Amino acid sequence: MKYYLIAGESSGDMHGANLIEALKGFDSEFECRIVGGDQMRNAAGRVPLIHTSEMAFMGFIEVIKNLSAIKKNLTNVKADITSYNPDTIILIDFPGFNMKIADFAKKKGIKVCYYISPKIWAWNQGRVHKIKKVVDHMFCILPFEVEFYKQFNYNVDYVGNPLLDAIAAHKPNRSFKQSNGLNERPIIALLPGSRKMEIEQLLPDMVDLHYLFPAHQFVVAGAPNFDNAYYKKFIGELPINIVFNQTYDLLQHAQAAVVTSGTATLETGILKVPQVVVYKANMISVFIARLVVKVEFISLVNLINGFLSVRELIQKDCNTRSIGDELNELLNNQEHRASVMENYELLAEKLGTPGASVKAAKLIAAYSGVAGN
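In case it helps, our numbering puts the sequence shown at residues 1 to 373.
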């Protein structure tokens, strides 16, 4: 079968790569074209039509500023789909872009599979009616999403969370500290996100934590779409290391972490690293978001558990002093630290076991008409 996979950001790129590898096992005639990043390129053995670094724009104002680039990307992807004429389109998260592609593909009679549901339960729930019209098969990775869709008489497949697959497949680097020039002082991991807007808003506050915790060493998890020189603009001469493509190793060696809201909060929770979740964005974007968002929390850990399992610091509360106060609690208040770890145990129970990529691939192959599935 011919598949066309689209991921628009780094987390989707990772899940897309794992899905490609799993699909190869169920479809001996597997071939594809992709929109994605380096991991999908390696898995598919082909260059993406568009790289994720040219796709991800976050926030209402940021999207408006980049409308021409988004429109160009849509035009190019639609033309490539028409040329390739795949049997199945596989959309991975990234709803603003991918729902437009779903509509386009449906009108052309191409089967549409959506892996990692758009977070419509958070805002504009009316979009579920559009999804029912243009998405043939939805694959959910969060436990509560199945019940959400059931309210609208839309049957979806729950496949588990693919982060469990990625973490289970990770082979720890036993010489992580040595190979990255780190000493034996305890590590605080800084995860400022993968988007330029996030990094520029959050990394300065994260870097200043260095002055509050002189007994610790700070290490930044760099996004693959930026280089060392970019991060040095924020770090300057401070003795803060930057590592690329080693986030899991970093977290596994960290005593605590400061994490930008997003997929990384769940990864940190699965790896059971005490964390403080942070977020800061353009004031207008946040104002609009607060008007339309219908969820109580921004962290996936808290959303899945259904209560405040890890501290969230947003906008004016997101500053070096407040982050430092919570870090101090996580590092030195054993009761508080133990409470967070207990919350992670509940999270693990709710997420279940690895296997999401394989489950989704098997279903996609079957829905696409691959014999024996």
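Note that the Cβ used here is the ideal one computed from N, Cα and C, for glycine as well. What you are looking at is a predicted structure, and each value in this text was computed from that prediction instead of being measured.
For Asn343, the three-state secondary structure derived from DSSP is helix.
In the DSSP assignment, Arg337 is bridged to no other residue.
A distance of 9 Å or more separates the beta carbons of Asn333 and Ser309. Taking C-beta atoms under 8 Å as the contact rule, Ile298 and Val277 qualify, at a distance of about 7 Å. In the three-state reduction of the DSSP assignment, Val276 falls in the strand class, which pools E and B. Residue nearest to Cys113 within the set Val370, Arg127, Leu363 and Lys107 is Leu363 (criterion: CA-CA distance).
Secondary structure of Arg311 (DSSP, three-state): strand. Residue environment for Asn98: buried (at least 16 other C-beta atoms within 10 angstroms of its C-beta). In chain order, Phe148 place their CB closer than 6 Å to the CB of Trp121, counting only its own chain and leaving out the 5 sequence neighbours on each side. When the Cα atoms are used, Leu91 and Gln255 turn out to be separated by approximately 36 Å. Counting other Cβ atoms within 10 Å of its Cβ, Ala168 stays below 16 and is therefore classed as exposed. Boundaries of the beta strand (DSSP E) harbouring Ile89: Thr88 to Ile92, taken from the DSSP string. Here Gly96 carries a helix assignment [DSSP, helix/strand/coil]. Closest option to Val259, judged by alpha-carbon separation, among Lys106, Ile240 and Lys280: Lys280. Partner residues in a beta bridge of Leu363, as assigned by DSSP, do not exist. At least 9 Å separates the beta-carbon of Lys100 from that of Lys133.
Counting C-beta pairs with one atom in each stretch, the stretch 230-245 and the stretch 157-175 have fewer than three that are closer than 8 Å, which means they do not touch.
The beta-carbon distance between Val219 and Leu266, rounded to whole angstroms, is 20 Å. This is too long to meet the 8 Å contact definition. Looking only at Leu212, Phe139, Asn183 and Leu331, the smallest Cα-Cα distance to His15 is reached by Phe139. In the structure shown, the three-state DSSP call for Asn241 is strand. DSSP places Val128 inside the alpha helix (DSSP H), whose first and last residues are Arg127 to Val134. Around Tyr248, the same chain offers His170 as residues with beta carbons nearer than 6 Å, after the five sequence neighbours per side are excluded.
DSSP, reduced to helix, strand and coil, places Gly36 within a strand of the structure shown. As a beta-bridge residue in DSSP terms, Gly222 pairs with Phe244.
If you keep only unbroken beta strand (DSSP E) runs of at least 3 residues inside the stretch 135-205, you get 137-140 and 187-191. Counting only the Cα atoms, Ile6 lies some 30 Å from Ile314. Excluding sequence positions up to five before and after Asp13, its CB lies within less than 6 Å of the CB of Ala7, Gly36, Gly37, Gln39, Met40 and Thr52, all in the same chain and listed in chain order. Distance from the CA of Asn180 to the CA of Leu67, rounded to the nearest whole angstrom, comes to 39 Å. Asn302 is the residue among Asn302, Ala361 and Val207 whose C-alpha sits nearest the C-alpha of Ala348.
At least 9 Å separates the beta-carbon of Leu351 from that of Pro48. Between Pro186 and His210, the gap from beta carbon to beta carbon reaches 9 Å or more. Tyr3 is the residue among Met55, Tyr3 and Arg46 whose C-alpha sits nearest the C-alpha of Ile81.
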